[in-house]
Structure formats: structure tokens, C-alpha cells
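Below you'll find the structure, written out as C-alpha cells, and then a few comments.
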Ligand SMILES: NC(=O)C1=CN([C@@H]2O[C@H](COP(=O)(O)OP(=O)(O)OC[C@H]3O[C@@H](n4cnc5c(N)ncnc54)[C@H](O)[C@@H]3O)[C@@H](O)[C@H]2O)C=CC1
Ligand SMILES: CC(=O)C(=O)O
Ligand SMILES: [Mg+2]
């Protein structure tokens with residue numbers, strides 16, 4: 001989790017170092033090159049290349065070096081910051097996104113250089129939280145297509161469509177059906193911003209070749225009535241496909257992709273829970289794929305949980321004794337719970353059933369117990385037996401659970417902003433831990449379970465705090481700062497993809513994610 005600056009620095013030297021094809025032959029000429037962001041060097045083309053590629057006369061005569069172009073871009077970016085000073089955060093963030101997006105569309109080499117060198121500053125623009133705003137306003141912001149779109153209307157055509165993609169090789173795909181974009185719900189085709197942003201992270205953090213990434217939207221309709229009523233909406237105007245109809249579209253897509261690129265890794269992203277679990281089960285032993293919300297989030301949360309034990313100055317084996325309350329029983333919350341239980345069981349040598357005893361799961365109906373009817377099958381293994389609860393009943397509220405359990409860790413993946421309210425945070429002062437952890441992991445910022453300021457103000461200064469979207473460190477007075485860690489799967493998935501690519505793995509296993517998160521926990525948490 002946790003420190004963007006660190007991976008930015010290390011990735012700089014690795015820029016595009018992996019999976020690089022043999023030196024690229026450009027088969028285009030003239031204006032086609034200038035309009036191709038993969039090859040365009042803008043005014044940077046030297047005279048020899050201008051002659052060879054038929055560019056003479058198509059560019060102003062002066063040659064501007066890459067560094068000068070970079071400086072010019074950064075100076076426009078800084079003037080935009082000055083010119084938008086005092087305007088609303090939304091306007092400023094969207095303006096920043098626009099200027100970066102224009103560069104992305106024009107000259108990818110310069111774009112990724114700027115992104116890598118300024119990752120800490122640009123990540124919140126191309127990724128959460130701004131990417132959420134971009135997805136919400138995608139139809140208005142749309143200028144040029146990026147990635148590929150497969151829709152329910154393309155059934156039977158996908159095998160030929162996949163050959164429309166211009167790059168000969170693709171290593172990394174991020175796929176969404178737009179059904180649960182961050183904590184913003186069903187955004188239909190507008191969710192394409194998420195695969196684009198995630199793949200930018202693959203390039204910036206893992207050095208994946210930008211010509212070998214492919215963001216994909218699988219448009220099977222939307223149940224968002226506002227979008228269906230919007231005449232500018234760019235996706236299919238129909239309700240989402242369900243059941244076998246839905247699965248047959250995903251099946252066809254997966255077959256088509258792997259027919260053309262058998263070794264491509266597919267990251268499933270922001271699928272609503274039922275399809276997140278179903279597709280993971282369906283494809284994980286057949287293709288090299290993983291679900292980032294279930295597995296990537298679990299890996300990064302476990303790194304944070306283990307890092308917290310280290311930050312408390314305790315031996316790692318103490319993790320097995322920690323009481324952990326997880327708020328949110330969706331794809332992310334259950335993914336974390338699964339992996340954390342496996343870790344406890346492995347560390348302490350106890351059974352997974354015994355390991356579950358220290359975890360408490362809460363969803364929108366409160367504490368999840370075996371008395372709950374219609375419980376999602378994925379949550380069933382974590383339902384508490386009321387006999388073991390000592391005074392807590394089915395459906396107990398967050399505050400009731402926190403007061404009773406006095407947990408070491410309160411972790412939110414509910415998608416509900418502010419659900420860790422003042423009362424809940426104050427109750428964390430009674431935690432059995434001297435350094436309790438509060439992880440408000442939902443995205444984007446407005447969906448975080450609490451803000452950093454509220455966490456430090458109400459729960460006390462001695463907490464370990466992490467959030468899914470970035471917050472500023474909190475000024476605790478007297479020169480002290482409450483440190484904000486970022487608990488976001490972006491700190492794990494680039495490494496998972498890169499490791500799988502380099503090792504030629506055929507499948508991505510829970511063990512691989514577990515190992516990644518344990519290694520990562522070494523430097524995970526700052527307090
Ligand atoms: N920081 C990170 O790396 C990640 C963060 N997330 C965030 O986690 C959130 C949830 O994602 P998913 O699990 O995929 O969503 P989901 O829709 O599958 O699950 C949401 C869960 O929250 C529960 N919930 C809703 N309102 C609640 C309330 N008032 N109190 C307690 N529980 C409540 C629901 O019952 C459900 O179990 C989203 O905001 C997403 O952005 C997801 C993946 C990674
Ligand atoms: C970070 C992420 O994957 C999510 O919020 O869905
Ligand atoms: Mg996600």
C-alpha cells in the first residue's frame with residue numbers, strides 16, 4: 001500500500017523494459033504517423049526521420065527535443081493549475097485530466113514519461129478519485145476511442161473483431177462490464193475509464209510496454225435508468241443481459257482474445273459481485289486471469305494488515321490473534337476475508353474454521369450470522385453462529401459490533417461514504433490494541449467510510465490509517481502528522497501482471513497473491 005513515490009522511482013529505470021518487442025518498425029508514413037500516439041514525436045522528429053518518413057513540410061521547421069517538449073508540457077500543466085486556482089475541486093481535476101488525456105491521445109511516449117516522473121501527483125487524476133468523475137461524465141468528455149468495445153450486439157463476431165486491434169501482440173488486458181464502477185454503481189459503457197486508468201498504472205509502475213496493453217469494455221447493457229434516458233449515452237440502450245445470455249458473451253470474448261493472444265493476461269475489473277465471483281470460478285483454471293477487486297484488493301489489504309502488526313512492533317505471528325471487523329460483504333470485502341483467513345490458518349497452523357473466529361463481517365443489513373436468510377453463497381462461510389457471539393445478535397450495527405468486539409482493525413469496503421461516523425470512530429478508542437487500524441478503503445473519495453481528519457480526530461492520534469483514495473496527511477499540531485497510507489489494489493496488480501508475464505505463468509493462484517502481499521507488507525505501512 002502505500003507509497004507511490006517508491007514505485008515511481010524504481011519504475012523510472014525500468015520504463016518499458018519488459019516484454020519489449022524487437023525495435024519497432026513503423027509501417028506508416030506522413031500524417032498517419034503524426035496522428036498515431038504510439039509513434040508520434042511531434043516537433044521532436046529529427047530531419048533524417050522527417051525525410052525518411054515523409055514528414056517534411058508537415059511540421060514547423062524547428063526541432064524541439066524530447067526534454068524541451070516535456071518541459072513545455074509541464075509548464076502548461078503548471079499554468080493550468082494557476083489559472084484554475086480557487087475553482088471547485090471537480091473543475092480543477094477534470095481540467096487536469098483533460099490536459100493529460102490530450103497528451104495521451106497525441107504522444108504516448110511523452111505522456112508516460114510525464115506520468116512516471118510525476119506519478120504521485122498524476123495518479124489521483126488518471127486513477128481514483130478523478131477517474132470516477134471522468135466515468136460519470138464520459139459521454140460529454142468523449143473525443144477519441146481508446147481500447148476496444150465488445151457489445152452484446154457483437155455476438156458471433158468477436159473472433160474476427162479481435163483482429164481489428166492494430167498491435168500484433170497484447171500482454172495485458174483490463175476488462176470491465178461497467179456494472180460496479182468504484183463505489184459509483186452501474187455506469188455502463190462509461191466504465192471504460194477504469195481499464196484505461198488501471199493499464200496506465202501497469203505502464204507507469206511495472207514498465208509494461210504501452211503498445212501491448214488493451215483496455216476493454218464488454219457492453220451488455222446497463223440498468224442505470226439515467227444513462228438509458230440520456231440521448232448522448234454511448235453504450236447499448238438496453239437492460240443488462242443476465243444468466244446464460246450474459247455468460248455466453250463473456251465466454252465468446254475470452255475465447256476470441258486467447259485465440260489471438262494465447263498468453264494475454266486478463267484482469268477482470270469492477271464487475272458486480274455475482275459476476276465477479278462467477279467469472280473468476282469459471283475462467284481461473286482455464287486462462288491466465290484474475291479478478292482485481294476480489295484478489296488484488298485482498299492482497300493489498302493483507303499487506304496492510306500484516307504491515308500494521310509490524311508497525312505495532314509485534315511479531316507477525318500476532319496477526320493470528322487480531323480481531324478484525326470487515327464492513328462490506330461484496331466482492332472486495334469477501335476477497336479480503338478469504339485471503340486473511342487463509343493467512344491466519346497458515347501462520348498459526350489452525351484450521352480455516354478456527355481462523356474465522358476472529359473475523360466479523362457486516363453488510364448493509366448489519367452483522368452477518370447464520371440466522372440470515374437469503375445470504376449470498378460467497379458470504380455463507382463467514383456467517384457467525386449467534387451462539388458464539390456473546391451478546392451480539394444477527395444484524396447488529398457497526399457501532400454495536402465495534403463496542404462489543406473492541407477490534408484491532410476496522411476495515412471498510414462498503415462503498416458507503418461516512419459509514420464510520422463519529423460514534424463508530426470514537427468507539428475505536430476502546431480497541432484492545434494500543435495502535436488500532438482504520439482502513440476506509442472504498443472509492444472514490446466521497447465513498448470513503450471516513451475521512452483521514454475524522455479518523456485521527458475521533459479515534460485518536462495513535463491509529464494506523466489507510467484509505468482507498470488519497471487523503472493528505474493530517475496535521476496533529478506541534479509539528480506532528482497523522483500519516484495517511486493508501487490501501488488500493490494499484491499497489492499490487494501491476495506486480496501481479498508483471499510477475500505472471502515474466503514467469504510465463506499459465507494461471508494466477510491464491511498462493512501467488514499471498515506471497516506478493518506478504519513480501520509487500522515489509523514496507524507497507526507508515527505511522
Ligand atoms: N481500495 C481498493 O483497492 C478497493 C476498493 N474497493 C471499493 O470497495 C467498495 C465495494 O466494492 P465491492 O465489494 O465490489 O462492492 P459490492 O457492491 O459487491 O459490495 C458492497 C457491500 O457493502 C455492503 N454495504 C452497503 N451499504 C452498507 C452499509 N451501510 N453498511 C455496511 N455495509 C454496507 C453491501 O451489503 C455489500 O455487501 C467500492 O467503493 C469500491 O470502490 C473495491 C476494490 C478495491
Ligand atoms: C480500486 C478499485 O479497484 C475499486 O475501487 O474498485
Ligand atoms: Mg476495481
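Numbering (full-length UniProt numbering), first residue to last: 1 to 527.
For each residue, glycine too, the CB sits at the ideal point set by N, CA and C.
- Taking 8 Å as the cut-off, one finds no heavy atom of ligand 2 near enough to the beta carbon of residue 276.
- Burial check for residue 124: the Cβ neighbour count within 10 Å reaches 16 or more, so the residue is buried.
- A heavy atom of ligand 2 is found nearer than 8 Å to the CB of residue 332.
- Assigned with DSSP and collapsed to three states, residue 34 falls in helix.
- If you check the C-beta of residue 186 against ligand 2, you find no heavy atom less than 8 Å away.
- Under a 10 Å Cβ-count criterion, residue 491 is classified as buried, with 16 or more other Cβ atoms of the shown protein chains found around its own Cβ.
- A straight line joining the alpha-carbon of residue 500 with that of residue 66 spans about 33 Å.
- Looking at the DSSP output, residue 480 bridges to 477.
- In the structure shown, residue 151 adopts extended strand secondary structure according to DSSP, grouped into three states.
- Relative to the non-hydrogen atoms of ligand 3, the Cβ of residue 126 never comes closer than 8 Å to any of them.
- About 6 Å separates the Cβ atoms of residue 142 and residue 234, confirming a contact at the 8 Å cut-off.
- Shortest gap from the CB of residue 495 to any heavy atom of ligand 1: 8 Å or more.
- CA-CA distance, residue 129 to residue 463, rounds to 24 Å.
- Per the Cβ contact rule, the region 194-205 is not in contact with the region 219-226 (fewer than 3 Cβ pairs under 8 Å).
- Beta-bridge partners of residue 347 (DSSP): none assigned.
- Closer than 8 Å to some heavy atom of ligand 3: that does not describe the Cβ of residue 177.
- Fully enclosed alpha helix (DSSP H) runs of no fewer than 4 residues occupy 158-161 and 193-206 of the region 158-207, in order along the chain.
- The beta strand (DSSP E) runs lying completely inside the region 198-273 and spanning 3 residues or more are 213-219 and 265-268, given in chain order.
- With respect to residue 148, residue 214 sits close: the two C-beta atoms are nearer than 9 Å.
- Judged by DSSP secondary structure, residue 74 falls within the alpha helix (DSSP H) whose first and last residues are 66-83.
- Each of 458, 331, 470 and 39 was checked against the Cα of residue 413, and the nearest Cα belongs to 331.
- Cβ neighbours of residue 453 within its own chain (closer than 6 Å, five residues either side excluded): 474.
- Residue 486 carries a strand assignment under DSSP once its states are collapsed to helix, strand and coil.
- Cα atoms of residue 396 and residue 405: separation of roughly 12 Å, rounded to the nearest angstrom.
- Within the same chain, Cβ atoms closer than 8 Å to the Cβ of residue 232 are found at 139 and 140, the five residues on either side in sequence being excluded.
- Your pair residue 306 and residue 319 checks out as a contact, with CB atoms roughly 6 Å apart and the cut at 8 Å.
- Closest option to residue 388, judged by alpha-carbon separation, among 495, 135, 88 and 369: 369.
- Secondary structure note for residue 521: it is in no beta strand (DSSP E), with a DSSP letter that is neither H nor E.
- Its Cα nearest to that of residue 53, the residue 29 stands out among 60, 35, 70 and 29.
- Shortest gap from the CB of residue 443 to any heavy atom of ligand 2: under 8 Å.
- In the structure shown, the three-state DSSP call for residue 48 is helix.
- In this model, residue 161 and residue 218 are separated by some 13 Å (Cα to Cα).
- 9 Å or more divides the Cβ of residue 504 from the Cβ of residue 155.
- Pairing residue 260 with residue 507, the inter-Cα distance amounts to about 18 Å.
- Rounded to the nearest angstrom, the Cβ distance from residue 59 to residue 43 is 6 Å, consistent with a contact under 8 Å.
- The region 264-278 and the region 291-298 touch, with no fewer than 3 CB-CB distances between them shorter than 8 Å.
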